[in-house]
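J.: Numbering (the working numbering), first residue to last: 589 to 643. Below you'll find the structure I mean.
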Amino acid sequence: TDPEFGVSIDEMRLTLDPRRFIGRAPEQVAEFLSEVVEPLLTRRQELGTREEVRV
């Protein structure tokens, strides 16, 4: 720690924690998945999936 700077490494890590800057992103993703993606997948379920591997 640099005494002239006046901030400990722990304070710096807390301040720069990315979770402090993402806002509602996790909740918005969950809402989008449940309100948009899941209904689309459910409606199109009858199409099924075909997976094919060609070499």
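Every residue gets a Cβ at the ideal spot worked out from N, C-alpha and C, and that includes glycine.
My output table needs one value for PHE593: the three-state DSSP class, helix, strand or coil.
T.: The count along the sequence shown starts at 1 and reaches residue 593 at position 5. Three-state DSSP puts PHE593 in coil, outside helix and strand.
J.: Look at the alpha carbon of VAL593 and the alpha carbon of MET600, and state the distance between them as a whole number of angstroms.
T.: As a working mapping, residue 593 is identified with position 5 in the sequence shown. As a working mapping, residue 600 is identified with position 12 in the sequence shown. It should be noted that the sequence gives Phe, not Val, for residue 593. Distance between the alpha carbons of PHE593 and MET600: 11 Å.
J.: To the nearest angstrom, how far is it from the Cα of PHE620 to the Cα of GLN633?
T.: Indexing the sequence shown from 1 puts residue 620 at position 32. Indexing the sequence shown from 1 puts residue 633 at position 45. Straight-line Cα distance between these residues: approximately 18 Å.
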